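Structure, as structure tokens:
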Amino acid sequence: MRHHRRTTHADSAQEALLTLGRLVDQALERIRIQRARVELAEALQRHLLPPQLPQLPRLAIAARYTPSRDGLDVGGDWYDAFPMTNGSVGITIGDVQGHDVEAIAFMGQARTGLRALACATTDPGEILSRTNDLLISMSCGLFATCCFLTFDPGSGALALSRAGHIPMVWATATSWSGIVLDSGGPPLGILPGEAYPVTRRRLTEPGSLVLVTDGVVEGPSCPMEKGLDEVARLVRDGYDGDPDRLAGEVMKVADLTGHCDDAAVLVVRYDGTPAGG
């Protein structure tokens with residue numbers, strides 16, 4: 432009887448070890464699959480973001496991007512800048528809901544749609560409205576916040592429209608600085624037929640415009656208002672410096688917020704209109 436009990440105990444231990452081994456194998460397989468998804472998402476994201484940004488007379492543009500601190504998530508933040516048909520430059524930044532391959536694909540659709548529709552109209556509000564309807568027609572079930580602006584380096588004409596996105600921050604040598612609390616519309620991809628208000632200004636003196644995604648200014652240890660105030664301080668101090676350096680300083684705000692989301696920064700430095708306007 433004693434020998435029988437020892438055999439039963441040994442068999443139970445062996446069965447437990449085999450079960451544990453199967454669970455470990457399953458866990459490793461899930462990790463392998465998840466890593467493959469993350470690598471695919473990161474590759475898609477690198478491919479869909481612009482390899483370089485345009486550098487125009489009196490205008491310099493720089494960008495920074497930091498992925499999510501959660502290694503299993505890759506978000507759909509994007510930025511872009513490109514020449515438009517009327518001589519202006521189109522500048523955009525956005526953030527797609529979700530953190531997966533689908534979000535990356537939707538980001539690519541949004542960015543491509545904005546570029547394509549910017550060939551048909553140069554009005555930022557109309558570009559956002561048409562892109563909104565285009566994304567809804569694709570029935571993806573996702574949405575994105577976005578800021579789209581056009582800027583003419585020759586005349587200093589600026590036109591800005593937002594779709595549920597973080598306000599722009601700006602500063603110049605003498606006339607103004609701060610957070611642009613303009614009217615905006617809802618995120619792209621939710622309701623068809625939306626209108627997006629446009630804010631228009633004319634910039635004549637040197638300065639910098641800074642666009643960010645919410646991963647920069649909002650996190651567990653920082654409300655958005657506090658994060659935006661810190662970005663505004665940095666822009667006031669560094670508006671006339673190297674835009675890449677300013678983008679790097681602004682990105683450091685994300686470390687203060689304890690963010691776990693993707694974070695993107697786009698800086699546009701303007702040298703002013705010829706002879707002051």
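Numbering (the working numbering) for the sequence shown: 432 to 708.
From the three backbone atoms N, C-alpha and C, an ideal C-beta is built for every residue, glycine too.
Quantities reported herein were computed from a predicted structural model and do not represent experimental measurements.
- Within the stretch 632 to 694, the complete alpha helix (DSSP H) segments of 4 residues or longer fall at 645 to 648, 655 to 669, 674 to 682 and 684 to 688, listed in chain order.
- Beyond the five residues adjoining it in sequence on each side, Arg633 comes within less than 6 Å, by CB distance, of Gly587 and Ala588 in the same chain, given in chain order.
- In the DSSP annotation of this structure, Val611 is not part of any alpha helix (DSSP H), being labelled neither H nor E.
- Counting only runs of at least 3 residues, the stretch 503 to 528 fully encloses the following beta strand (DSSP E) elements, listed from N- to C-terminal order: 507 to 514 and 520 to 527.
- Collapsing the DSSP output to three states places Thr450 in a helix.
- In this structure Phe579 is in contact with Pro555, their Cβ atoms being roughly 5 Å apart against a cut-off of 8 Å.
- Nearest in C-alpha terms to Ala695, of all of Ala493, Pro485, Leu454 and Pro705, is Ala493.
- Secondary structure of Gly595 (DSSP, three-state): strand.
- Counted as a single uninterrupted DSSP element, the stretch harbouring Arg546 is not any beta strand (DSSP E) but the alpha helix (DSSP H) occupying residues Val532 to Leu548.
- In the DSSP annotation of this structure, the continuous segment of the beta strand (DSSP E) that includes Arg495 starts and ends at Leu490 to Thr497.
- Between Ser639 and Asp675, the CB-CB gap reaches or exceeds 9 Å.
- Spanning the alpha carbons of Trp607 and Trp601 requires a straight line of approximately 8 Å.
- Between Leu545 and Thr523, the CB-CB gap stays under 9 Å.
- Each of Pro598, Arg561 and Pro654 was checked against the Cα of Ile621, and the nearest Cα belongs to Arg561.
- Exclusion of the five residues before and after Asp564 leaves Pro623 as the residues of its chain whose Cβ lies within less than 6 Å of its Cβ.
- If you ignore the 5 residues before and after Ala590, its C-beta comes within less than 6 Å of the C-beta of Pro555, Thr581, Val629 and Arg631, all in its own chain and listed in chain order.
- Straight-line spacing of the CA atoms in Gly615 and Gly595 works out to 6 Å.
- Bridge pairing for Cys577: Gly525 and Gly595 [DSSP].
- Of the other Cβ atoms in all chains shown, fewer than 16 fall within 10 Å of the Cβ of Gly518; this residue is therefore exposed.
- In the three-state reduction of the DSSP assignment, Val696 falls in the strand class, which pools E and B.
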